[in-house]
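Asks: Taken in sequence, the protein lines are chains A and B.
Numbering-wise, the first sequence is residues 742 to 1185 according to the numbering used here.
Numbering-wise, the second sequence is residues 19 to 512 according to the numbering used here.
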Amino acid sequence: MRIVIVGAGEVGSHLAALLSKEEQDIVLVDNDSEKLDPLDAKYNLLTIKGHPTSFETIRRADAANCDLFVAVTPFETDNVTACIIAKSMGAKRTVARVDNFEYMMDSNRRFFREHGVDSVIYPEYYAAKEICTALTHTWVRHWFEMWGGELILIGVKLRENAEIIGLNLKEFSRRGHSFHVSAIRRRYDTIIPGGDTVINTGDIVYFMTRPEHVDELRQICGKTEAEIHSIMVMGANMIASRLSSELGKKYKIKIIDSDRKKCQKLAERISDIDVVCGDPRDNELLMEESIENMDAFIALSESSETNILGCLTAKEFGVKKTIAEVESIQYIGEAEALNIGTIINKKLLAAGAIFQLMLDNDADNSKVMALADAEVAELEVKPGAKITRAAVRDLKLSHDMTIAGLIRNGIGRLVDGNTRIEPGDRVVVFCLNGAIHKFERLFN
Amino acid sequence: MKPRRFIVSLNWAAIFRLLGVLVLFEAGFMLVPTIVALICHEPGAARAFGVSAGVTGLCGFLAYKYIRPTSRDMGRRESALLTASVWIVFSLFGQIPYMLAPSTHLSFSAAFFEAMSGFTTTGASLVESTDNLSSAVHIWRCLSQWIGGLGIIIFTLALIPMLNSAGGMQMYNAEQNKIAGDKIRPRISSTARRLWIVYGLLTLCLFMLLWAGPMTAFEAACHAMSTMSTGGFSTSSAGINIFNSVYVKVVMTVFMFLGGVNFALVYRASTGQHHTVIGNETFITYYRLILTATALFIIGILLNGAYSGWQSVTIDPLFQVVSLVTSTGFMLSEFKLWGPAVLFIGLLLIFVGGCAGSTSGGAKIDRVVYLLKYLKNEIKRTLRPNSVMAVRVSGRTIPMDRINNVVAFLCLYVLIIIAGALALTFFGVPLQEAFISAFGAIGNNSLSTADSIVGCDYLHLNAAAHYVLSILMLTGRLEIFTILILLSPSFWRP
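(1) Suppose the cutoff is 7 Å on Cβ atoms and the five residues either side in sequence are ignored; what does the same chain contact list for Ala408/B look like?
(2) Could you tell me whether the stretch 434-443 of chain B touches the stretch 487-498 of chain B, where touching means 3 or more Cβ pairs closer than 8 Å?
(3) Please look up how many angstroms separate the CB atoms of Glu352/B and Ser330/B, rounded, as I've assumed it's under 8 Å.
(4) Determine the chain B residues that contact Leu1007/A at a beta-carbon separation under 8 Å, and present them in chain order.
(5) Using 8 Å as the cut-off, can you tell me whether the stretch 363-375 of chain B makes contact with the stretch 258-273 of chain B, which would need three or more C-beta pairs spanning the two stretches below that distance?
(6) I want to know whether the stretch 245-263 of chain B touches the stretch 343-351 of chain B - three or more CB-CB distances under 8 Å.
(7) How would you call His970/A, buried or exposed, if buried means at least 16 neighbouring beta carbons within 10 angstroms?
(8) In terms of residue numbering, what span does the alpha helix (DSSP H) encompassing Cys77/B cover?
(9) Which ranges would you report for the alpha helix (DSSP H) in the stretch 854-939 of chain A if only whole runs of at least 4 residues count?
(10) Could one say the Cβ of Gly186/B lies closer than 8 Å to chain A's Cβ atoms, at least one of them?
(11) Below 8 Å on C-beta distance, what does Ala782/A contact in chain B?
(12) Does any CB atom of chain A fall closer than 8 Å to the CB of Leu36/B?
(13) Considering only their Cβ atoms, is the gap separating Ala1040/A from Met975/A smaller than 8 Å?
(14) Answer yes or no: do Asp808/A and Lys833/A have a C-beta to C-beta separation smaller than 8 Å?
(15) Ends of the alpha helix (DSSP H) at Tyr992/A?
(16) Could you please give the first and the last residue of the uninterrupted beta strand (DSSP E) stretch that includes Tyr325/B?
(17) In chain B, which residues lie less than 9 Å from Leu787/A when you measure between Cβ atoms?
(18) Could you check whether the Cβ of Val768/A sits closer than 8 Å to any Cβ belonging to chain B?
(19) On the premise that His954/A lies in contact with Phe920/A, defined as a C-beta separation below 8 Å, what is that separation, rounded to the nearest angstrom?
(20) Run the CB neighbour count on Gly185/B, radius 10 Å, all protein chains shown included, and call it buried at 16 or more, exposed below.
(21) What's the gap between the Cα of Ala468/B and the Cα of Met418/B?
(22) Please name the residue or residues paired with Ser971/A in a DSSP beta bridge.
(23) What residues in the stretch 980-1001 of chain A have a beta carbon less than 7 Å from any beta carbon of chain B?
(24) Would you verify that the beta carbon of Ser774/A is, or is not, closer than 8 Å to some beta carbon of chain B?
(25) Since Val811/A and Ile746/A are thought to touch, with beta carbons under 8 Å apart, how far apart are those beta carbons, to the nearest angstrom?
(26) Can you tell me whether Tyr866/A is buried or exposed, with buried defined as 16 or more other CB within 10 angstroms of its CB?
(27) Taking the beta carbon of Pro335/B as the centre, do at least 16 other beta carbons fall within 10 Å, making it buried, or is it exposed?
(28) Taking the alpha carbon of Glu871/A as the reference point, which residue from Met973/A, Met1110/A and Ile799/A has its own alpha carbon closest?
(29) Is there a Cβ of chain A sitting closer than 8 Å to that of Asn182/B, yes or no?
(30) Pick out whichever of Asn298/B, Ser405/B, Ile316/B and Phe444/B has its Cα sitting closest to the Cα of Ile383/B.
(31) Can Asn150/B and Glu96/B be called in contact, C-beta distance under 8 Å?
(32) Can you find a CB in chain A that lies within less than 8 Å of the CB of Pro521/B?
(33) Leaving aside the five residues before and after Ser795/A along the sequence, list all residues of the same chain whose C-beta is less than 6 Å from its C-beta, in chain order.
(34) Figure out for me which residue from Gly93/B, Leu118/B, Gly46/B and Met92/B has the closest Cα to the Cα of Phe108/B.
(35) Determine which residues share a DSSP beta bridge with Met1110/A and list them.
(36) To the nearest angstrom, how far is the alpha carbon of Met117/B from that of Ala129/B?
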């Protein structure tokens, strides 16, 4: 697939690096050669220096022959303009990153489509959604619902009190639970486990299960659900504002930021929240704002380090659930080890959205979540696909992926070695980085 | 396979396994002279090449089969090391036939020199008389130049899907010129494949044209390979003088000229993007340089009273200029009659070399263009210290760090010539000879022909001098930095 990515910022360069590992033809466009040069030397892709909204640049990137045109510069208008130009030249599908919720709404989608922007992505909105999910399920690290909740993928960090520590997967499945252990994240690696893999303390284990077994899973993992009423948010940025408008009525939200202008703006825009201007790293201020009584602490400042440390401080004060935005991919592993509840990363959320478009041109037929070094995808099996030819155990799937569950006739079920996948099933696949391009051969 | 989290130690296993794969390709190439030897009824040469191909293939196979790296990750250090070592390993295996073949029987150091001279397209030779070589050896000499012309790594990138990754990308960067920096396709393997298609088709055209002329099919094949790669090996000790044909000179001039052009540019031109060629300042400088040098040659010839018919003021100087500037190194026998001024201009041409991203050697015209523009700015700045200026080439601004790199490169280039010449004098080479052969070796240009007034007769060099020149050739071919970083302690102890 030929993919043009405009904008070598955080999201753009992450996407380019990720997709070039997926054996796609990547052309990366940016106006700043200082950003492009290191990527050009390091990754298997083509870089073009030029202004993102210039016809000449887009022509040089050969947008006319690309399958996917992704505009992810920091400026929404540039992104939309670039998409319009690319579409007019013949790009098959265009995606623009926006930062305005209006543009995401279904009622306005037609306008964009008519003007040449086929889809929009809004990483800050995805982040807010992710935080909402994390607040409703406080005991999990990841919660990913498939097919309206028929199947759920749950990532849980296991501690000494979990019943299943020390078991290998064969013993675990002999106990007759209705869970599928899809993957284990151990320190810096994600592993697709085999029958002999032992579950250790500190692992983040990804279980696939049906909604009625969630409580059972929580018990064997030794977790309790915490009720959330009040939330403290550090950083008055886009995500915080998005979050407040989604949740302002449901929870008591207090937002702290040191920038008075930002605070003022946020307070004017959203009515149901409490905005405090001050340094969120100042413990006295936090105590003044009664951090001890908070149920959740969400750190969304620009610096990943501040967010991680902020969450640790909040834990000290007894806050039950902490959520940190960690934009540096390397720090995600460290942050996970430090017991910070949920980690939000805009780049990964955007990558998930792009993978979704890559797998399926209709976009509504598949769903992808990107993790730090793995992806989970839900997709439909086409008639005659390779995967339908035999039972799962006889398929000799490569070691970097596993089929966790499937949805047949609207009913979710788990997959084991004897399951035979049929055309029309929707399967949930857990795969390590760099393996998504293998889907094409398996499922189509 | 998992990415390695810590990359302090070099991934030796991955390097050796990949070397094994590459050596397997070399073994495959050795089958060509073996077949030629069988066809031409040369039992000695057939045995020599058969044994060489067997040994090479076996080593490659064993490395490929039994070395199991725990990680496939190749960092920048591994890539640089692999790229440098692949040229050495290719020469080490490629020299076996020269040691075994009855028509050469070179010593170890001489055979290594000969093989390195082939792969780096230098074209210097230690064979006493090229006329007595068997056809298999001729083919192998020219084939090795042809492989080395565009680059060993870039050849394998086109064929091994395993290298179509970030690691392959870095190897490409270590072998290719950073100045040209032209990827023509997003993925490195398809870039490499297209460059090889251009190269292969040009070679095929040249072969047809030469064959249509006075050459036999065998001579045409050898000369096509050594001309397109701007290498300069010939099937005769008299070089191309033996054909004494204007047709051959014209055809070769055209193809040597093409061999000195950036292949990405040739590809773009062939796909109809002519504006990229017309607007390319390097290309414009390249042909202007050739035209100017030819004019100066003609003046030199006339002043020196070497006029001997219309050819001596038209095609002869043009052929010689193109041959020198592209580092091919074919010498016309008349060259020595043209006088010292012409010789001096010739040396300058060797220094400058062809365009970056081509098969030619030298310091590369691109760098000279950058340097001249930069110097112009600096001179202006002395008068108006506050003016802000950018170095602009082909309508694009060149970032300052690249200019720094160019200046550093040119300084190193000169320093290495001096160091190389100094080393040669230690091994008993006379001063002038030492300088000129070091100069030629790093520019991948063979200045030595028995009947030329310049350069040295490589035949009486001792083993140490062979190695010095071999290293110089490799340093020049990989454009200095890739070799030089291997010599720095920080490479081994990061």
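Here a beta-carbon is modelled for each residue, glycine too, at the ideal position from N, C-alpha and C.
Replies: In terms of the structure at hand:
(1) Hits under 7 Å: Thr415.
(2) Short answer: they touch.
(3) With 8 Å as the limit, Glu352/B and Ser330/B qualify as a contact, their Cβ atoms being about 6 Å apart.
(4) Contact of Leu1007/A with chain B by beta-carbon distance below 8 Å is absent, the smallest such distance being about 40 Å.
(5) When Cβ pairs closer than 8 Å are counted between the two stretches, the stretch 363-375 of chain B is seen not to touch the stretch 258-273 of chain B, the count staying below three.
(6) Result yes; three or more Cβ-Cβ pairs closer than 8 Å.
(7) Around the beta-carbon of His970/A, fewer than 16 other beta-carbon atoms lie within 10 Å, marking it exposed.
(8) Start and end: Pro61 to Tyr84.
(9) Listed in chain order, the complete alpha helix (DSSP H) runs (minimum 4 residues) inside the stretch 854-939 of chain A are 864-877 and 910-915.
(10) Yes, Gly186/B counts as interfacial toward chain A.
(11) Contacts between Ala782/A and chain B, judged by CB atoms closer than 8 Å, involve Met187, Gln188 and Asn191 in chain order.
(12) Residue-level contact by beta carbon fails for Leu36/B and chain A, as no gap is shorter than 8 Å.
(13) Cβ atoms of Met975/A and Ala1040/A: closer than 8 Å.
(14) One thing to note: Asp808/A has its Cβ within 8 Å of the Cβ of Lys833/A.
(15) Taken as a continuous stretch (DSSP letters only), Tyr992/A belongs to no alpha helix (DSSP H), as it is neither H nor E.
(16) In the DSSP assignment, Tyr325/B falls outside any beta strand (DSSP E), carrying neither H nor E.
(17) Near Leu787/A (Cβ distances below 9 Å), the residues of chain B are Lys201, Ile202, Arg203, Pro204, Arg205 and Thr209.
(18) Judged by the 8 Å Cβ criterion, Val768/A is in contact with chain B.
(19) Contact check for Phe920/A and His954/A: beta-carbon distance about 7 Å, within the 8 Å limit, so the pair qualifies.
(20) Buried, because 16 or more other Cβ atoms sit within 10 Å of the Cβ of Gly185/B.
(21) Low per-residue confidence applies at Ala468/B: pLDDT is 41, beneath 50, and the placement is therefore not dependable enough to give any value.
(22) Looking at the DSSP output, Ser971/A shares a beta bridge with Lys993/A.
(23) Cβ proximity to chain B below 7 Å picks out nothing from the stretch 980-1001 of chain A.
(24) Interface annotation, Ser774/A: in contact with chain B, CB-CB separation under 8 Å.
(25) Yes, they are in contact, since the Cβ atoms of Val811/A and Ile746/A sit about 5 Å apart, within 8 Å.
(26) Buried, because 16 or more other Cβ atoms sit within 10 Å of the Cβ of Tyr866/A.
(27) By the neighbour-count criterion, in which 16 or more other beta carbons inside 10 Å mark a residue as buried, Pro335/B falls on the buried side.
(28) For Glu871/A, the nearest C-alpha among the options comes from Met1110/A.
(29) For Asn182/B, the answer is yes, since a Cβ of chain A falls inside 8 Å of its Cβ.
(30) Nearest to Ile383/B by C-alpha distance, out of Asn298/B, Ser405/B, Ile316/B and Phe444/B, is Asn298/B.
(31) Not closer than 8 Å, so no.
(32) The structure shown does not extend to residue 521/B, since chain B is modelled only from 19 through 512, so no value can be given for it.
(33) Excluding sequence positions up to five before and after Ser795/A, its CB lies less than 6 Å from no other CB in the same chain.
(34) Comparing Cα-Cα distances from Phe108/B to each of Gly93/B, Leu118/B, Gly46/B and Met92/B, the minimum goes to Gly46/B.
(35) Answer is Val1117/A, bridged to Met1110/A.
(36) Taking the Cα positions, Met117/B is about 6 Å away from Ala129/B.
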